[in-house]
Amino acid sequence: MSKFKHLSLLLFLISTLCLSQTAVAQQPPPPIIQNEATINFPESVDFVLEWPADANITSAVLHYDVDRMSCLEADTQVPVDLVTNTDSILAQWTWVMGRSGNPPPGTELSWYWVLTDMDGHVTQTPQQTKTFTDDRFPWQTVSAEGIDLHWYRGEEVGPLLLDAAVTGLDTLERDMGIQLQDDVDIYIYGSAADMRDALLFVQDWAGGIAFDEYNTILMGVQPSSAESWGRSTMRHELAHLVIGQYGWSCVGGSRPTWLNEGLAVYAEGEPAPDIIASIQAATQTNSFEPLRTLNGAFSAHGPAAGIAYAQSYSVVDFLLREYGQEAMQRLLLTLAEGTSYDEALMEVYGMDVDGVEAAWRAALSLPPRTFPPTPTPVLAANVPTAVPMGKPENVPTPPAAAEPPPVVTERPFPPPQSGICGLGMIPFVGLGFVFVWSRGLGKRVSTKNKPLLVKLLTSKKFFIVISAFLLFGCQLVNVPLEGSGFARQAPHVAQDDAVVLKSGQPLTMDPALTHGGPDSPLGHIFSGLVSLDTDLQVQPELAAGWEVSEDGLTYTFYLRKDALFHNGRSLTSADVIYSWERAADPATGSDTAQTYLGDIDGVSEKLTGAAESISGLRAIDDHTLEVRLNAPVVYFLAKLAYPVAYVVDHENVTQPDWEHHANGSGPFKLERWQDDVIILLARFDEYYLEPAKVSHVVYDLGEGLALSMYEQGEIDLIGAGGGILEKARDPNNPFNQELHTTAAMCTSTIGLNNKRAPFDDVRVRQAFNYALDKELLIETFAGGNALVARGSLPPGMPGYGLSGVTGYPYNPELARQLLAEAGYAEMSTFPTLSYSISGYGDVNAYVTAVITMWQENLGVTIEPVIIDPYTYYDEIYAGNIGHFYASGWCADYPDPQNFLDILYHSQSRQNIGGFSDADIDALLEAARIEPDPTTRLRMYADAERAIVDAAPVVFTRHGLTAVLVKPRLENYVLTPMGVRQWQNVSIKPTE
-15 MSKFKHLSLL
-5 LFLISTLCLS
5 QTAVAQQPPP
15 PIIQNEATIN
25 FPESVDFVLE
35 WPADANITSA
45 VLHYDVDRMS
55 CLEADTQVPV
65 DLVTNTDSIL
75 AQWTWVMGRS
85 GNPPPGTELS
95 WYWVLTDMDG
105 HVTQTPQQTK
115 TFTDDRFPWQ
125 TVSAEGIDLH
135 WYRGEEVGPL
145 LLDAAVTGLD
155 TLERDMGIQL
165 QDDVDIYIYG
175 SAADMRDALL
185 FVQDWAGGIA
195 FDEYNTILMG
205 VQPSSAESWG
215 RSTMRHELAH
225 LVIGQYGWSC
235 VGGSRPTWLN
245 EGLAVYAEGE
255 PAPDIIASIQ
265 AATQTNSFEP
275 LRTLNGAFSA
285 HGPAAGIAYA
295 QSYSVVDFLL
305 REYGQEAMQR
315 LLLTLAEGTS
325 YDEALMEVYG
335 MDVDGVEAAW
345 RAALSLPPRT
355 FPPTPTPVLA
365 ANVPTAVPMG
375 KPENVPTPPA
385 AAEPPPVVTE
395 RPFPPPQSGI
405 CGLGMIPFVG
415 LGFVFVWSRG
425 LGKRVSTKNK
435 PLLVKLLTSK
445 KFFIVISAFL
455 LFGCQLVNVP
465 LEGSGFARQA
475 PHVAQDDAVV
485 LKSGQPLTMD
495 PALTHGGPDS
505 PLGHIFSGLV
515 SLDTDLQVQP
525 ELAAGWEVSE
535 DGLTYTFYLR
545 KDALFHNGRS
555 LTSADVIYSW
565 ERAADPATGS
575 DTAQTYLGDI
585 DGVSEKLTGA
595 AESISGLRAI
605 DDHTLEVRLN
615 APVVYFLAKL
625 AYPVAYVVDH
635 ENVTQPDWEH
645 HANGSGPFKL
655 ERWQDDVIIL
665 LARFDEYYLE
675 PAKVSHVVYD
685 LGEGLALSMY
695 EQGEIDLIGA
705 GGGILEKARD
715 PNNPFNQELH
725 TTAAMCTSTI
735 GLNNKRAPFD
745 DVRVRQAFNY
755 ALDKELLIET
765 FAGGNALVAR
775 GSLPPGMPGY
785 GLSGVTGYPY
795 NPELARQLLA
805 EAGYAEMSTF
815 PTLSYSISGY
825 GDVNAYVTAV
835 ITMWQENLGV
845 TIEPVIIDPY
855 TYYDEIYAGN
865 IGHFYASGWC
875 ADYPDPQNFL
885 DILYHSQSRQ
895 NIGGFSDADI
905 DALLEAARIE
915 PDPTTRLRMY
925 ADAERAIVDA
935 APVVFTRHGL
945 TAVLVKPRLE
955 NYVLTPMGVR
965 QWQNVSIKPT
975 E
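Position 357 (the sequence shown) corresponds to 341 in my numbering; numbering is contiguous.
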C-alpha cells in the first residue's frame, strides 16, 4: 500500500483527510489553566493547553496559521493526544520547523483549540496571536513610507540601507514601471552567517532572501560593506519582492528563474564587475547555459550560480533594450495568469524561450545553439516487464548450510548515543487536504488583482507553472561524510564505505504500522519470508524454499536455519507466527494487516477480536511453517514482501521505545536513530544471505539543501524533478550522465467520499471527472512528464490498456449536464464541499489550481483544510475525510489485484472513499482465485471498465520517476516500485 512512496515529479499528491465538521457549539470552553505557544525561533513552536480534569474533555484539535499572502484561507489542524495528570489534563504538541521550513521574523502566528467533551459538545478557545522574533539581537527600527527596516549592528547601517531601499523603489518605478503594493519588513543581520542561522533551509552562499508571500526581506550585511554590497543587494532583494507583489494573483503564476533573477540583477543598477566579466568570458568561449535549463532552480554551487545570474541579467537587459518597459510589464502580468513560459513569451514577444535565446545570442554575435532531437539519458532506465501471476511454483529448499559460527549476543536495546546536529529535515512531500471551517484568522489575502482574476477564471490559462512538482515520498540523497554535518554524528564511518541518504523523519519503525515500502530504513532492518528483486520477481528470503498444495490453499515454508536476529538469537517459525498475530491484533492498530495478510485463514477473525489466534498458522517445527489460506489466491507470495509481513523480535517489541532500538533480521542493524537528526544502519555481518557491500547506510534527517549537496559532491543521489530534470535532459549538462528514469507503477487520483452526498450519486462523480483538464495539469505541474490516467492500472502493470478505457476527457459542458441530471440544474442547492489536504499551513499550487478549475467550470464552492502530515494517516484511516481527499497508489507487487481489488472492493481497508458495487465485488473475488493468467487479466479488464464507469475517484495521472546518481554509486537500479537494494550497492574505489 505504497502511497507514492518514491515518485519525483508528481509528489504529488497529496494524501488527505478531513475531520468531520459540525458547527462549533456556541458555549464557552472549560476553565483554562494555561494556553501558550512558546516560539523557539527558528526551530520550533511548543503549543500547550491545560484544563481541569473534571471538564470531561475527550479530544483536542489544535488549529494554527501564519500570516502570509494567500488566496484560499485554511489553517492547519493537529489532533493532539491528551495527557492526564492528577488535577488537570494537558494537550501538548510541537511544530518542528525542520520538517516544514520556518517563517521569517516578523511573521504573526495565530492559534486556537477545538475541544470535544464526552457528550459530544464542541467548544473553541479564543484565537490568540504571537509574532516570530529573533531575540538574539537588540533590533532598532527606521521607517519610510511602506517600509520598516530593522537592524542592530552599525549605527549608520539602518538609515543608509533605508535610503537604498527608497532609491531602489524609485528606480523600479522609473525603469520598469512597477511599484510597491504592500508594506515591507526588512531585517538587516550583521553578517551573512547571522542571517543564515535564522533560517533552516538556505544556501550556504546566500547573503539575502526575499520572502514574497510574507512581504519580508532578510539580508546579512557587515557595516563595512553596507555602502557598496549592501546597497546593491537591497535593490536586488527589493526587486524580487516588488516584482512578486506585482505579479501576484490568486492563481499564483510563476516566473522562470532567469527572468526573476535577471530583473533583480538589473534593478541593482550598473552591473557589478564580476557580472560583466562572466558575460564577456562566456561570450568569448560560447559557454552560456541553454536558457531553457535556467527556467528552474539555478545551480546551488556558488561559481556556477554566479554565471547563471550573469546570463540572466544579459537576457533581461536585451529584452528591456529591444522591446521596452511596457512589454516587460505585460510579460509579468501574463505569467501571473498561470500561462506557461513559452506561451507567455510568444504572446508578448512573438517567440518562445528558445526564440528569445536565439535573438539574444544573435545580439551577442553568437551562433545559434543546436538542439538535439530527443535527449536520452546515458543511463537507461530499468523497466522490467511484469508478467501476470499464475499458480505459484514450489521452490526447493537448498542444501543446509554449515552451522554458523556462534555470535556474541548484543544488547537488543542499546542506550541512545549523545550528540547534536542541525535540527530539522528535508520536508516530507506528499500530503493530503482537509476541510476546515473558515473562522477569519486574519490571514492576509491579496485583492489587488481582482479584475485580472475575473479574466483568469474565464480562461483556460490559469495554472501556475512551477519548476519542481514532487510526489509522495521522501527525497533521498547520498552524502559523503567528510565536511558534512553527518561527519560530526558518525565520525567512525568511512566515506568510501557508506551510502548516505537525505530523508524525512519516519512516522514509525514498526512493520505492522508503516505505510512505507521495502526501500525504507525499516525495510533494511527487518526481513520477511520473501522479497521482490529489482526485476520485481519473488525471491526466497527468510524462507529458503516452500511447497504449495495442489489446491493452492496450503503453503509450507522451510525457514533458513542460519537466520538470526541482530542480537544473535535464532529466528524460528514461532517468531513468524508471533509477528503476524501481533500485526493482526486489534490492539496494534495496523491499517495494512487485512490487506496483505487477510488471505490467511483466521486473520480477519483475529483483527475483529473474534479469535485469540490465527487459525491458519501452524509451526510444524522450529524451521517449518504451515500457512493455510481461505482461497487459492495466486499473488499470496508477492503480498508477503510487504513490510507488515516482516518478522519482529517479541522480546524487542514489548520494550519501551523499542522502535529506536529495533532488533530485526535484515541486512543492516539499527545502530542509532536520533529524531530529526540521523538514522544510522550498520552492516549485519551474520546476515543469512550475502552480507551488504557497504558498512553503513545513513539517513540524514537534518538540515541541508539536496541540490546544493549534490553539486558539491556531498551527496550521491537526488530526486530529479522540474528544473533539475530539464537540466539533466540537456546532453551538454553534466547531470545528463547521471540521470536515471523509469515509468513509475503509480496512479494519482483525487479521492471522492462516495458515502457522503453529493458523491453518493455516480453522475456527480462523473461530472467532476469531466470538469478537470488533466492534460493541462500534467503540462503545468509535471512539465509533461506524466500520462493522463484513463483508468486505475499504471503502465508496466499486467493488464494495462487491456480494458480499453478512455477515461474522462475534459468536457465541462457534459459535466454541467450530468449535474443537472442529478438534480443540480441550479447550483444554489449544491452543498459547500470540503477538500482534505495535509501540510504546514498553506494550500499548494496544484490543489489551488484544481479547486479553481472546478469552481469556475461547475460553479461550486470548495473549502480546503490542512492537517499536519504526521497525524494524517491516523485520521484518514479513521474515516475522517471530507468530500475530496488527494490520493494515489503505487504498486507493491506487479499484479492488477494490487490496484483494482485493494482500492475498490467494498470490504477493502484501503477503500477509503467507501465505494461499493456488488457486481464489481463479485468480479474481483472471482479473479482472485482464477488460476489461468490470461483469463485473470480479462476478468480484471472487465473490472477496470466497470470501476472507471462508476467513477469512485477522479483519475488524474501516471508519473515518471527520475533520479540523479553519482557515478561512484555502483549497482543501483531504479525500479518502477520501491524494493530493498542498498545491500547490493557498492562504492566505486577512488581512482
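A virtual CB, placed ideally from N, CA and C, is assigned to each residue, including glycine.
- If you draw a straight line from the Cα of A176 to the Cα of D169, it is about 18 angstroms long.
- Burial state of P742 is buried, judged by a 10 Å Cβ sphere holding 16 or more other Cβ atoms.
- P782 counts as buried, since at least 16 other C-beta atoms from the protein chains shown sit within 10 angstroms of its C-beta.
- In its chain, beyond the 5 residues on either side, D745, R747 and V748 have a beta carbon closer than 6 angstroms to the beta carbon of A806.
- Taken through DSSP and simplified to helix, strand or coil, F116 comes out as coil.
- Here the C-alpha atom of F302 lies approximately 17 angstroms from the C-alpha atom of P351.
- DSSP, read as helix, strand or coil, puts T318 in helix.
- Taking all protein chains shown into account, E954 has fewer than 16 neighbouring C-beta atoms within 10 Å of its C-beta and is therefore exposed.
- Using a Cβ distance threshold of 8 angstroms, T733 and V938 count as a contacting pair.
- Within its own chain, the residues whose Cβ lies closer than 6 angstroms to the Cβ of T22, once the five positions on either side in sequence are excluded, are D30, listed in chain order.
- Spatial neighbours of Y672 in its own chain (CB-CB distance under 6 angstroms, excluding positions within 5 residues in sequence) are listed in chain order as R544, D546 and A547.
- Here V150 carries a helix assignment [DSSP, helix/strand/coil].
- Contact check for M312 against M160 passes: the beta carbons are separated by less than 8 angstroms.
- The beta carbons of L921 and L786 sit closer together than 8 angstroms.
- With a minimum length of 4 residues, the unbroken runs of alpha helix (DSSP H) contained wholly in the segment 604 to 690 fall at 620 to 623 and 634 to 637.
- Taking all protein chains shown into account, S271 has fewer than 16 neighbouring C-beta atoms within 10 Å of its C-beta and is therefore exposed.
- Spanning the alpha carbons of E221 and A251 requires a straight line of approximately 9 angstroms.
- Annotated as proximal: V844 and F814, with beta-carbon spacing under 8 angstroms.
- Distance from the CA of E34 to the CA of T100, rounded to the nearest whole angstrom, comes to 14 angstroms.
- Counting only residues of its own chain and dropping the five nearest sequence neighbours on each side, A328 has a CB closer than 7 angstroms to the CB of L315, T318 and L319.
- Taking a contact to require three or more Cβ pairs closer than 8 angstroms, the segment 881 to 898 and the segment 577 to 588 qualify as touching.
- For M837, there is no enclosing beta strand (DSSP E); the enclosing alpha helix (DSSP H) covers residues A829 to L842.
- Pairwise C-beta distances place the segment 534 to 543 in contact with the segment 598 to 611, as three or more of them are shorter than 8 angstroms.
- By the beta-carbon neighbour count (other beta carbons within 10 angstroms, threshold 16), D59 is buried.
- In this structure G152 is in contact with M218, their Cβ atoms being roughly 6 angstroms apart against a cut-off of 8 angstroms.
- Between the alpha carbons of E92 and T117 lies a gap of roughly 9 angstroms.
- Burial state of P793 is exposed, judged by a 10 Å Cβ sphere holding fewer than 16 other Cβ atoms.
- Around the beta carbon of E596, fewer than 16 other beta carbons sit within 10 angstroms, so the residue counts as exposed.
- Counting C-beta atoms within 10 angstroms of its own C-beta, L685 has 16 or more neighbours from the protein chains shown and is therefore classed as buried.
- In the structure shown, the three-state DSSP call for T919 is helix.
- Minimum Cα-Cα distance from R180 among the listed residues E589, L164, I201 and D166 corresponds to I201.
- DSSP places M218 in no beta strand (DSSP E) but in the uninterrupted alpha helix (DSSP H) bounded by R215 to Y230.
- The segment 501 to 520 and the segment 586 to 604 do not touch, with fewer than three beta-carbon pairs separated by less than 8 angstroms.
- Taking S209 as reference, the option from L225, Y198, G191 and V226 with the minimal CA-CA separation is G191.
- Three or more pairs of CB atoms, one per stretch, sit closer than 8 angstroms, so the segment 491 to 511 contacts the segment 623 to 643.
- The alpha-carbon separation between S970 and L701 amounts to approximately 13 angstroms.
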